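A.B. asks: Take this structure, written in structure tokens, and hold onto it; I'll ask about it next.
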Amino acid sequence: MKRIIVGFAAMCFATVMHAQNNAPQLRADNIDEVVSAMTLDEKVRILVGTGMPGVDVGMPVVGSTRSLVPGAAGTTYPIPRLGIPAIVLSDGPAGLRIDPKRDFYSKTYYCTWFPIGTCLASSWNTELVEQVGKAIGEEVRDYGADVLLAPGNNIHRNPLCGRNFEYYSEDPILSGNIAAAYILGIQKNGVGTSLKHFAFNNQETNRMGNDAQVSQRAAREIYLKAFEIPVKKAQPWTIMSSYNKVNGTFTSERYDLLTTILRDEWGFKGAVMTDWFGGKNRAANVMAGNDMIQPGLPFDPDSIKAGLNDGRITEQALNRNVRRILELIVKTPRFKGQANNDNPDLQGHAKVTREAATEGITLLKNEDGTLPFGKRIKNVAVYGSTSYDILAGGSGSGSVNTSYTISLIEGLRNNGYTSDPAILETYRDFIQAFQAEARKKQTSWFDTPPHAGEFLPAADSLKMQAARNDAAIITIGRNAGEGGDRHRDLFYLNDTERQMITNICEAFHKAGKKVVVLLNIDGVIETASWKDIPDAILLPWQCGQEGGNSMADVISGARYPSGKLPMTFPIQVEDHLSSKNIPLNAPQVRPTVGQKETGEQTNLIDYTRYEEGIYVGYRYFDTFQKNVSYPFGYGLSYTTFNFSDPTVKADENTVTVSVTITNTGNAVGKEVAEVYVTAPKGAVEKPAQELKAFAKTRELKPGESQTLTMTIDKADLASFNEKQSAWVVDSGTYTFKIGASSRDIKGSATAKLSGMKQKVHNVLK
Ligand code: BGC
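Letter 120 of the sequence shown, counting from 1, is numbered 123 in the numbering used here, and no numbers are missing.
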């Protein structure tokens with residue numbers, strides 16, 4: 004008997020050894036063979052990540068995955084027996100987010116902090132965004148990460164969403180095209196992206212449990228359109244499902260979203276992963292086509308196994324998801340054995356971000372040629388704490404560990420201006436005192452760091468400062484971050500800020516000097532009540548580590564503003580139709596791992612009704628002719644442009660729109676042609692106009708012209724008809740209006756189009 008047991012054990016050992024020796028090693032062309040060679044445990048295990056370094060939820064450490072790229076958000080599960088490495092997933096989107104320092108090493112691993120998504124979108128320049136993506140992707144590759152968890156591409160449904168800064172626009176055509184460009188740029192480096200958060204993650208309040216209740220039409224035309232465009236144009240390697248539910252079910256559990264729409268209708272070829280610790284029902288995740296659970300909780304593998312045992316998960320779905328993960332892995336630099344040099348071109352990328360930010364900077368007001376300062380101005384009085392302590396970007400996973408940031412003061416100095424040293428001293432003391440206190444309160448990197456706020460300069464000092472300086476700049480700052488929404492109060496200036504602008508303008512105007520207000524903000528703020536007071540208003544957003552240089556380059560005239568608003572600036576936040584259904588005074592609900600279901604349903608926390616339907620942003624304001632402070636697409640320049648010869652040509656499937664833009668002023672500049680379409684009446688109600696295409700000129704010298712030609716697929720003129728589950732292009736006359744904003748139409752042309760209809764699945768009910 005003993006002999007038999009020994010013999011059996013030896014036989015088993017021999018079999019294992021044989022299997023190990025002959026186990027297929029993963030290659031791009033043997034994925035099916037490797038899947039067949041995987042044990043059930045291995046298949047289950049590879050569906051789950053290896054935990055999130057720094058967040059201890061009891062996930063066992065797997066080999067040395069955590070030290071592959073310290074500070075990365077996670078990795079996939081490695082199976083060395085089959086030659087399957089762990090690949091590294093790391094945040095974005097404003098740059099690569101990794102730890103800048105490593106234990107026992109003096110070398111540093113700083114990354115470049117690029118402008119926030121909203122600033123990039125304000126450039127309306129897809130080529131430029133692709134260059135930024137290319138530079139970010141180089142850092143991803145050079146520091147040894149495989150997939151950047153970016154871009155963030157949720158629609159700005161309302162100005163108060165705490166993560167709008169990472170996102171692009173209130174319009175899906177602009178968002179989608181900017182996201183596509185960003186992805187193309189990154190993936191040119193042979194590394195991947197994760198288009199996130201798919202979808203309807205339009206508020207941070209209870210983001211892990213909130214149910215977005217949205218009509219099929221608004222879902223298709225607004226929120227999903229923003230994802231459909233980059234999926235079709237840029238094929239991101241991965242997509243991150245969102246934390247929230249949509250119409251009652253977590254997005255990560257919806258087959259109709261992750262398979263029917265994403266893969267069957269749009270042709271997505273990559274892998275889907277959960278957002279970090281998102282989703283609940285692992286069997287539903289697997290079946291829906293949410294291939295990977297990231298970063299994984301200790302019980303996730305067992306939950307998947309339980310699903311397999313009781314039939315909630317089919318073997319076919321398991322194999323399908325495993326195959327998709329392997330298809331992702333074989334594309335990565337880590338799999339290909341491409342060594343990382345840990346030496347990205349940080350100096351080159353500093354130039355990229357400095358330049359890119361200038362194109363996102365949007366000029367809202369410029370009376371009497373206040374800007375650029377040029378050589379007329381030498382001494383500048385600089386106010387506002389964020390002039391000295393710049394907000395380079397937002398907080399949370401979208402922040403970047405950069406080695407430096409350039410303040411406005413430094414930028415001004417680099418552009419040859421002298422800032423008033425006495426004012427600087429006052430701010431230095433004020434900010435230092437504040438920071439000492441604030442540091443004590445901030446408990447984690449995840450908390451949005453408050454900035455110092457403002458104080459009122461004394462009247463007699465102001466008088467002297469106005470006498471000895473040539474002009475004044477006042478910066479207003481706002482910050483936000485992941486995990487909480489912006490509070491309504493922060494949409495408005497507070498009393499001190501308002502009074503500060505009034506007092507400084509009064510003192511400087513009395514002395515015959517100009518005042519510029521600079522908005523170093525993460526999202527839309529109220530401007531209507533105070534915009535008449537200063538002479539110029541410049542909106543740089545949070546524009547990356549070189550922000551102070553970028554702003555001062557535009558202020559001096561070394562560069563010029565050519566940004567256009569990617570969203571409306573309303574008069575009051577309540578003017579947005581969506582404000583009826585957003586947490587206006589957001590309880591700052593933080594995500595908690597394994598949040599409890601209470602059973603009790605609270606409006607705006609457990610569910611949010613998207614009652615405004617398709618009337619998001621300018622689609623609402625323009626259709627219902629509501630006054631706004633600054634319309635969608637608005638932005639001035641240092642020069643003037645003329646739009647001429649708007650023409651439209653249509654054939655069976657495409658419409659071609661062209662316009663000639665001429666620089667009619669005295670300075671160089673770039674202009675954007677925004678094509679808004681008014682569709683004929685049909686079975687469903689339509690917005691007054693919708694952006695369908697846009698293009699930006701190259702740099703035009705005074706007198707120079709450029710003809711911009713844009714093509715629109717006729718199918719993209721469709722509205723979604725819920726009754727028919729179809730995209731319908733109604734036959735009739737379409738007006739193509741070409742404007743410099745949604746409310747500044749320069750010319751238009753019409754085309755008679757025949758109707759068309761494309762049926763899709765009746766899903767997301
Ligand atoms: C965020 C994602 C991010 C992930 C990994 C989550 O909290 O929502 O955007 O990619 O963490 O850090």
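The beta carbon of each residue, even a glycine, is placed where N, CA and C say it ideally should be. Values in this document were obtained by computation on a predicted structure and should not be read as measured data.
#1: Contact between the stretch 753-761 and the stretch 722-733: three or more CB pairs below 8 Å?
#2: Leaving out the 5 sequence neighbours to the left and right, which residues in its chain are closer than 7 Å to E45 when beta-carbon positions are compared?
#3: Return the chain-ordered list of same chain residues with a C-beta closer than 7 Å to the C-beta of S751, the five sequence neighbours on each side being excluded.
#4: Taking a contact to mean a Cβ-Cβ separation below 9 Å, would you say A184 touches V132 in this structure?
#5: Buried or exposed: P375, going by 16 or more other Cβ atoms within 10 Å of its Cβ?
#6: For K334, is the beta carbon positioned less than 8 Å from some heavy atom of ligand 1?
#7: Please report the distance separating the alpha-carbon of F302 from that of E318.
#8: Put K251 into one of helix, strand or coil per three-state DSSP.
#9: In this structure, what does DSSP give as the bridge partners for W730?
#10: So does Y246 have its beta carbon nearer than 8 Å to some heavy atom of ligand 1?
#11: Report the option in V631, L580, R48 whose CA atom is closest to the CA atom of I296.
#12: Classify K199 as helix, strand or coil using the three-state DSSP reduction.
#13: Work out the CA separation of E677 and L711 for me, nearest whole Å.
#14: State the Cα-Cα distance for the pair F635 and S390, rounded to the nearest angstrom.
#15: Could you spell out where the beta strand (DSSP E) holding I664 opens and where it closes?
#16: Which ranges would you report for the alpha helix (DSSP H) in the stretch 460-534 if only whole runs of at least 4 residues count?
#17: Quick one: Cα of P424 to Cα of E362, how far?
#18: Is the stretch 453-473 touching the stretch 505-512, taking contact as three or more C-beta pairs under 8 Å?
#19: Give me the Cα-Cα distance between T595 and L367, rounded to the nearest whole angstrom.
#20: In chain order, what residues of the same chain lie with their CB nearer than 6 Å to the CB of I186, ignoring the 5 residues before and after it?
#21: How should L43 be labelled, buried or exposed, when 16 other C-beta atoms within 10 angstroms of its C-beta is the threshold for buried?
#22: Since A696 sits in a beta bridge, which residues does DSSP pair it with?
#23: Do the stretch 390-401 and the stretch 519-539 touch if we need at least three Cβ pairs shorter than 8 Å?
#24: Cα-Cα, which of S422, R323, R481 is closest to T451?
#25: Would you decide whether T277 is buried or exposed? Buried here means 16 or more other CB atoms lie within 10 Å of its CB.
#26: Which residue or residues does DSSP assign as beta-bridge partners of A342?
#27: I'd like the span of the beta strand (DSSP E) that includes N382, first residue to last.
#28: How far does the alpha helix (DSSP H) with G750 in it reach, from first residue to last?
#29: List in chain order the residues whose CB is within less than 5 Å of at least one heavy atom of ligand 3.
#30: Which of the three DSSP states is assigned to V403 in this structure?
C.D. replies: Taking the structure as given:
#1: Flag = yes, the stretch 753-761 and the stretch 722-733 touch.
#2: By one-based count along the sequence shown, residue 45 stands at place 42. Cβ contact annotation for E45 (same chain, cutoff 7 Å, sequence separation greater than five): I82, in chain order.
#3: As a first step, residue 751 must be located in the sequence shown, where it is residue number 748. For S751, the CB contacts under 7 Å within the same chain, skipping 5 residues up- and downstream, are P649, T738, F739, K740, I741 in chain order.
#4: Mapped onto the sequence shown, residue 184 falls at position 181. Mapped onto the sequence shown, residue 132 falls at position 129. Result yes, Cβ atoms of A184 and V132 sit closer than 9 Å.
#5: The residue given as residue 375 occupies position 372 in the sequence shown. Buried.
#6: Residue mapping note: residue 334 aligns to position 331 of the sequence shown, counting from 1. No, Cβ of K334 sits at least 8 Å from all heavy atoms of ligand 1.
#7: Walking along the sequence shown from the start, residue 302 turns up at place 299. Walking along the sequence shown from the start, residue 318 turns up at place 315. F302 and E318 have their C-alpha atoms some 20 Å from each other.
#8: The residue given as residue 251 occupies position 248 in the sequence shown. Strictly speaking, residue 251 in this sequence is Gly, with Lys absent from that position. For G251, the secondary structure class from DSSP, reduced to helix, strand or coil, is coil.
#9: The residue you call residue 730 lines up with position 727 of the sequence shown. Answer is F723, Q761.
#10: Taking the first residue of the sequence shown as 1, we reach residue 246 at position 243. Ligand 1 has a heavy atom closer than 8 Å to the beta-carbon of Y246.
#11: As a working mapping, residue 296 is identified with position 293 in the sequence shown. Comparing alpha-carbon positions, the option among V631, L580, R48 lying closest to I296 turns out to be R48.
#12: For the purposes of this step, residue 199 is taken as residue 196 along the sequence shown, with counting starting at 1. Strand.
#13: Position 708 of the sequence shown, counted from the first residue, corresponds to residue 711. Position 674 of the sequence shown, counted from the first residue, corresponds to residue 677. Roughly 11 Å separates the two Cα atoms.
#14: If you number the sequence shown from 1, residue 635 lands on position 632. If you number the sequence shown from 1, residue 390 lands on position 387. CA-CA distance, F635 to S390, rounds to 27 Å.
#15: By one-based count along the sequence shown, residue 664 stands at place 661. For I664, the enclosing beta strand (DSSP E) starts and ends at 657-666.
#16: Counting whole runs of 4 or more residues, the stretch 460-534 contains the alpha helix (DSSP H) stretches 462-471, 491-494, 498-513.
#17: For this step, residue 424 is matched to residue 421 along the sequence shown. For this step, residue 362 is matched to residue 359 along the sequence shown. Rounded to whole angstroms, P424 to E362 spans 30 Å at the Cα level.
#18: With a cut-off of 8 Å, the stretch 505-512 and the stretch 453-473 count as touching, because enough Cβ pairs lie within range.
#19: Residue numbering aside, residue 595 sits at position 592 when the sequence shown is read from its first letter. Residue numbering aside, residue 367 sits at position 364 when the sequence shown is read from its first letter. Because the pLDDT at T595 is just 46, under 50, the model does not fix this residue reliably, and the point stays unresolved.
#20: Within the sequence shown, the letter at position 183 stands for residue 186. Excluding positions up to five away in sequence, the list reads T196, P233, A237, P239.
#21: On the sequence shown, residue 43 is found 40 positions in, with the first residue counted as 1. That one is exposed.
#22: Looking up residue 696 in the sequence shown gives position 693. The partner list for A696 (beta bridge, DSSP) reads V678.
#23: Contact between the stretch 390-401 and the stretch 519-539 is present, because at least three Cβ pairs lie under 8 Å.
#24: On the sequence shown, position 448 is the one that residue 451 refers to. Check the Cα spacing between T451 and each of S422, R323, R481: the tightest is with R481.
#25: As a working mapping, residue 277 is identified with position 274 in the sequence shown. Burial call: buried.
#26: Here residue 342 refers to the residue found at position 339 of the sequence shown. DSSP lists no partner for A342.
#27: Locating residue 382 in the sequence shown gives position 379, counting from the first residue. Annotation: the continuous beta strand (DSSP E) that includes N382 extends over 382-386.
#28: Numbered from 1 along the sequence shown, position 747 holds the residue referred to as residue 750. Note, G750: premise wrong, no alpha helix (DSSP H); beta strand (DSSP E) at 747-756.
#29: Ligand 3 is absent from the structure shown, which contains only ligand 1.
#30: Working through the sequence shown from its first residue, we reach residue 403 at position 400. V403 falls in the coil class under three-state DSSP.
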